[in-house]
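Under my numbering, the final residue of the sequence shown carries the number 148; numbering is consecutive throughout. See below for the structure under consideration.
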Amino acid sequence: MLLSSHDTDEDSRLTVKKPTLLCLYIVFFALMICHCFVVILVHSFDVMPSEFAYQALFSNTSFLVKFIGNISLASLVLISLYQMKQSAIFWCLTLLIFDMSSIVFWIFTQNWLDVAGSLGVTIVSIVWGGCLTCTIYLKYLKKRGKLL
1 MLLSSHDTDE DSRLTVKKPT LLCLYIVFFA LMICHCFVVI LVHSFDVMPS
51 EFAYQALFSN TSFLVKFIGN ISLASLVLIS LYQMKQSAIF WCLTLLIFDM
101 SSIVFWIFTQ NWLDVAGSLG VTIVSIVWGG CLTCTIYLKY LKKRGKLL
């Protein structure tokens, strides 16, 4: 096979230098996935602090659905960010909407604001802010032609 017939687009795509802010978002979503895994493990091994252990929120099936959904969607965001694909915009917005809808559901059905407290509100604010700013940054990169 001649070197000139080799598909260089695939090779050049793999060696493209990623913008620094994109790398920070990759770290952000990796940490988000780790956080969700820790929450699921703490819940599964019954090491939840006693003041939370008996709350209806943590014994509800929607608890696991939310965190497994967040892990799945954040993994898709992470993969598409690493590959610098335009689909990262879609997955990031999907994650934001999924998380917002599940939190709103919990607020109205499980008294989430009292159970989660200020720490829960802070974590959710960081996640939502990260998803929103990542979406804006990805749209900027798309406009500049940096995403595939």
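Built from N, CA and C at the ideal position, the CB exists for glycine as well.
Backbone secondary structure at residue i - three-state DSSP
{"i": "F45", "result": "coil"}
{"i": "L96", "result": "helix"}
{"i": "L31", "result": "helix"}
{"i": "L148", "result": "coil"}
{"i": "A53", "result": "Residue placement at A53 cannot be trusted, given a pLDDT of 48 that sits under 50; what the coordinates show is reported in the next sentence. It is helical."}
Spatial distance of residue i from residue j (CA atoms)
{"i": "A53", "j": "L76", "result": "Low local confidence applies: a pLDDT of 48 at A53 is under 50, so the model's placement there is unreliable, and no value is given."}
{"i": "V127", "j": "M32", "result": "8 Å"}
{"i": "L81", "j": "G69", "result": "18 Å"}
{"i": "N111", "j": "G117", "result": "10 Å"}
{"i": "G129", "j": "F45", "result": "30 Å"}
{"i": "K85", "j": "L147", "result": "5 Å"}
{"i": "I40", "j": "F63", "result": "9 Å"}
{"i": "L22", "j": "G145", "result": "14 Å"}
{"i": "I107", "j": "T61", "result": "15 Å"}
{"i": "F29", "j": "K18", "result": "16 Å"}
Limits of the unbroken alpha helix (DSSP H) element including residue i
{"i": "G120", "result": "112-143"}
{"i": "L200", "result": "Beyond the ends of the chain as shown, which are 1 and 148, falls residue 200; an answer cannot be given."}
Pair within 8 Å by beta-carbon distance, residue i and residue j
{"i": "L78", "j": "L95", "result": "no"}
{"i": "C92", "j": "C134", "result": "yes"}
{"i": "I89", "j": "K142", "result": "yes"}
{"i": "K139", "j": "S102", "result": "no"}
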